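Here is the structure we will look at.
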Amino acid sequence: QAHELKPQALPTVIRLAEIALQQQDKWLGRQYLVTAMAINSQHPDVARLAASLS
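Everything in the sequence shown is counted per the working numbering, starting at 30 for the first residue and increasing by one.
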């Protein structure tokens, strides 16, 4: 049974990615980014995160 990602989880996932980046942990930031993109790849905050990780 596949785990369904809920749209309301997106702000939390984005926040976790931002915290990882503040701690200079790009690997962890990318893991959260992948999750955020799976929820909503069109979200402006997701696009901003992707740009900061590239």
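Note that the Cβ used here is the ideal one computed from N, Cα and C, for glycine as well.
All of these numbers come straight from a predicted model, not from anything done at the bench.
Could you tell me the distance, in whole angstroms, from the CA atom of residue i to the CA atom of residue j?
{"i": "Trp-56", "j": "Ala-49", "result": "8 angstroms"}
{"i": "Ser-70", "j": "Arg-77", "result": "11 angstroms"}
{"i": "Ile-43", "j": "Asp-74", "result": "7 angstroms"}
{"i": "His-72", "j": "Thr-41", "result": "13 angstroms"}
Tell me whether residue i is buried or exposed, calling it buried when 16 or more other Cβ atoms sit within 10 Å of its Cβ.
{"i": "Val-63", "result": "exposed"}
{"i": "Ala-38", "result": "exposed"}
{"i": "Ala-67", "result": "exposed"}
{"i": "Ala-46", "result": "buried"}
{"i": "Ala-65", "result": "buried"}
So residue i is in the alpha helix (DSSP H); what residue range does that whole segment cover?
{"i": "Pro-73", "result": "73-82"}
{"i": "Pro-40", "result": "39-51"}
{"i": "Leu-57", "result": "55-69"}
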